[in-house]
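Here is the structure we will look at.
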Ligand SMILES: Nc1nc2c(ncn2[C@@H]2O[C@H](COP(=O)(O)OP(=O)(O)O)[C@@H](O)[C@H]2O)c(=O)[nH]1
Ligand SMILES: [Mg+2]
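In the UniProt record's numbering, the protein residues as written are 1 to 198.
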């Protein structure tokens with residue numbers, strides 16, 4: 001069983017993107033289990049999710065990177081026993097650090113991939129103001145620059161350049177991809193990344 005951690009600040013599009021790519025994976029006969037530890041705008045609708053053959057569980061008591069690590073382990077075990085997914089996707093809360101989650105999950109799964117979303121319309125200010133946003137970028141295997149439907153091609157170029165420069169020292173192995181989760185643009189690249197083995 002493989003595992004995907006989705007990070008990114010509040011409102012960056014985690015739920016929207018996760019549902020997009022999870023549906024694609026499910027239609028490729030990958031059995032996807034979803035864990036949600038976020039309390040965002042787009043709610044996870046259990047019926048919709050199960051219509052696509054996925055199974056979703058919410059962890060709402062606290063943040064899985066700190067207070068409720070044990071709940072995360074319990075939910076992984078429960079999902080494995082009840083549903084036996086090929087892949088579990090965890091949507092973390094917008095302020096979660098990803099490294100502690102990685103450490104918690106590691107003993108229970110085969111391979112972990114970490115995706116961090118960046119909202120192209122806000123990344124500049126957020127990187128400056130919030131340590132956790134930097135931290136989420138430094139822990140990413142794949143950085144997804146999201147909401148490109150809101151940006152011009154010049155703005156996109158500028159964002160890519162700035163983020164690559166920013167990652168150069170701390171996380172040079174990270175890949176950067178652009179997407180519009182809302183319009184489903186370039187989501188295939190993310191599906192491929194998740195499907196690839198290292
Ligand atoms: N324009 C645009 N809006 C998006 C995109 N992805 C998500 N959103 C919107 O951003 C808001 C927050 O999305 P959500 O998935 O809840 O973000 P989360 O808090 O990171 O889970 C919602 O209103 C989404 O419809 C995108 O690619 N483009
Ligand atoms: Mg969300």
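We treat Cβ as the ideally placed atom computed from N, Cα and C, and that holds for glycine.
Here the structure is a predicted model, which is why all the values come from computation and not from measurement.
- Sequence-distant partners of residue 17 (beyond 5 residues in either direction) whose C-beta falls short of 6 Å from its own C-beta, in its chain, are 181.
- In the DSSP assignment, residue 185 is bridged to 180.
- Distances between the C-beta of residue 119 and the heavy atoms of ligand 2 are all 7 Å or more.
- With respect to residue 3, residue 88 sits close: the two C-beta atoms are nearer than 8 Å.
- The shortest C-alpha to C-alpha distance from residue 129 to any of 187, 95, 186 is the one to 95.
- The beta carbon of residue 53 sits closer than 6 Å to the beta carbons of 26 from its chain, once the five residues preceding and following it are set aside; these are given in chain order.
- Taken through DSSP and simplified to helix, strand or coil, residue 56 comes out as strand.
- About 6 Å separates the beta carbon of residue 143 from that of residue 163, a gap short enough to meet the 8 Å contact definition.
- Fewer than three pairs of CB atoms, one per stretch, sit closer than 8 Å, so the stretch 118-128 makes no contact with the stretch 75-87.
- A contact is defined here as three or more CB-CB pairs under 8 Å, and the stretch 63-78 meets this definition with respect to the stretch 96-106.
- Rounded to whole angstroms, the separation of the alpha carbons of residue 56 and residue 43 is 11 Å.
- One alpha carbon belongs to residue 107, the other to residue 5, and they sit about 15 Å apart.
- Leaving aside the five residues that flank residue 92 on each side, the residues in its chain whose CB is nearer than 6 Å to its CB run, in chain order, 7, 37.
- Between residue 176 and residue 148 the beta-carbon gap is near 12 Å, outside 8 Å, which marks them as no contact.
- Taking 8 Å as the cut-off, the Cβ atoms of residue 104 and residue 69 count as close.
- Residue 116 sits in a strand when the DSSP states are folded into three classes.
- Rounded to the nearest whole angstrom, the C-alpha separation of residue 23 and residue 102 is 24 Å.
- Residue 1 is positioned such that its CB atom lies closer than 8 Å to that of residue 85.
- With contacts defined as CB atoms closer than 8 Å, residue 171 and residue 137 qualify as a contacting pair.
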